[in-house]
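Line by line, the protein sequences are chains A and B.
When you line the first sequence up against the numbering used here, it's residues 1 to 199, in that order.
When you line the second sequence up against the numbering used here, it's residues 1001 to 1199, in that order.
Beta carbons are placed, not taken as given, at the ideal position from N, Cα and C, and that holds for glycine.
None of the values given here were measured: they were computed from a predicted structure.
2 protein chains.
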Amino acid sequence: MPQPIEFFFDFSSPYGYLASRRIDEIAARHGREVVWKPILLGAVFKLTGGQPLVQIPMKSDYVQRDFARFARLLGVDFKMPDNFPFSSIHAVRSFWWMEGRDPKGAHALAQHLYNKAFSGNDIASAQAVASAAAEIGIDSAALLAGIESPEVKDRTRTESDAAIARGIFGSPYIIIDGEPFWGADRLDQVEKWLATGGW
Amino acid sequence: MPQPIEFFFDFSSPYGYLASRRIDEIAARHGREVVWKPILLGAVFKLTGGQPLVQIPMKSDYVQRDFARFARLLGVDFKMPDNFPFSSIHAVRSFWWMEGRDPKGAHALAQHLYNKAFSGNDIASAQAVASAAAEIGIDSAALLAGIESPEVKDRTRTESDAAIARGIFGSPYIIIDGEPFWGADRLDQVEKWLATGGW
């Protein structure tokens, strides 16, 4: 069996969202599975001096136009939430809480949270995450308790540190058999890499 | 007649180089011409807080791998010069000097300088630029005198300021009928925009 593709993303990353809408189907066309791994780019930005694209002078207008144009090209719904850029710590903790109980459920939760956020909804607070989770049948009281547990907080830190140690600095960041691809604009290359085995 | 496509680039930008190898043929397939406009990203970085990609922690290794991989995908020769990232002020001034006498010659000079740089050669010094220009039949003594003239220095500043005023913050940066595209990874979208008139 080939290794699964790793899909790293920040819930507050519009380009990560765009990739999230296509990565599973691209992988499936080549008989591959995808492991989703949310990261907290804030921790990376401390190391790289980076900052959210929409806060950078001159780039801000361009990237907001590009998000929407790229979404139209992909045929994907897209609406920036009013609270963008938002904290995704509760979304990430809820993912790792769920992952410890049911990895497929965690994948579904991540997809649902991402779709909620970029159809214009707030997923920043623990309560907003729990309400969204409830919409796909997850026990919101259990989630709210779980994301406050030391185990889940530790797991969140450990996964984030591991991603940084592996050099992941942006969202989306896709790894295929050790080969890294950064950016939603690399989806065509990801597909070609899977189809050809690399070049 | 449709307006020409504007192609903004920094001579020290590897992604700009990759785009330079394809932009003319993409435009030609759709009956369009391309006006090349070298910029000095250093001036933009002062405004955006940006820095050369290869100097950013964590991103550096990735982008160097990506440059080469992208070049192989495009089927384009690519070798980073030892003096990368280099100053391109003399290359830019030589372009505007030539453009004042012969716009087509300036285009040819820019192509030649870009190809020289990213086949591993130094084009930073005035002498290196003049030697490269001589290889395509340009009078190197006239060039060396021209790039020291106040008119050419003014033109270089004016063009750079105009680009910044229009919001150009990266390389390559391509404008089609007012629609901006940033990055070599937008070449497919550039082609699609030309083919469809936009989406």
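DSSP places A:Phe67 in no beta strand (DSSP E) but in the uninterrupted alpha helix (DSSP H) bounded by 59–74.
Interface with chain A (9 Å Cβ-Cβ cutoff): B:Arg1072 is included. Residue-level contact check: A:Gly178 does not touch chain B, since none of the beta carbons of chain B fall below 9 Å from its beta carbon. For A:Glu135, the secondary structure class from DSSP, reduced to helix, strand or coil, is helix.
Against chain A, a Cβ distance below 9 Å from B:Ile1056 picks out Thr48, Gly49, Gly50, Phe169.
Under the Cβ distance rule, B:Val1044 counts among the residues neighbouring chain A, one pair being separated by less than 9 Å.
Leaving aside the five residues that flank B:Lys1037 on each side, the residues in its chain whose CB is nearer than 8 Å to its CB run, in chain order, Glu1006, Phe1007, Phe1008, Phe1009, Glu1159, Ala1163. Secondary structure of A:Phe78 (DSSP, three-state): coil. Taken through DSSP and simplified to helix, strand or coil, A:Trp199 comes out as coil. Counting only runs of at least 4 residues, the region 93–154 of chain A fully encloses the following alpha helix (DSSP H) elements, listed from N- to C-terminal order: 103–117, 126–135, 140–146. One Cα belongs to A:Gly170, the other to B:Gly1050, and the distance between them is close to 16 Å. For A:Pro38, the uninterrupted beta strand (DSSP E) run begins and ends at 34–38, by DSSP.
At a cut-off of 9 Å between beta carbons, A:Tyr62 contacts chain B.
By the rule that beta-carbons nearer than 9 Å mark a contact, A:Gly137 does not touch chain B. With contacts defined by Cβ atoms closer than 9 Å, B:Gly1183 and A:Asp24 do not form a contacting pair. In this structure, DSSP gives B:Ile1056 a state outside helix and strand, which the three-state scheme calls coil. In terms of beta-carbon proximity, A:Gly183 lines the interface with chain B, with at least one pair separated by less than 9 Å.
For B:Gly1016, the closest alpha carbon among the candidates B:Ile1174, B:Ala1195, B:Trp1199 is that of B:Ile1174.
In the DSSP annotation of this structure, the continuous segment of the alpha helix (DSSP H) that includes A:Pro14 starts and ends at 14–20.
Take B:Phe1078, set aside five residues on each side of it, and the residues of its chain with a beta-carbon closer than 7 Å to its own are Phe1067, Ala1068, Ala1071, Phe1118, in chain order. Pairwise C-beta distances place the region 48–63 of chain A out of contact with the region 122–135 of chain A, as fewer than three of them are shorter than 8 Å. Residues of chain B whose Cβ lies closer than 7 Å to the Cβ of A:Lys59 are, in chain order, Thr1048, Phe1169. The beta-carbon of A:Lys153 is placed no less than 9 Å from the nearest beta-carbon of chain B. Going by DSSP, A:Ile23 is part of the alpha helix (DSSP H) stretching over 23–29.
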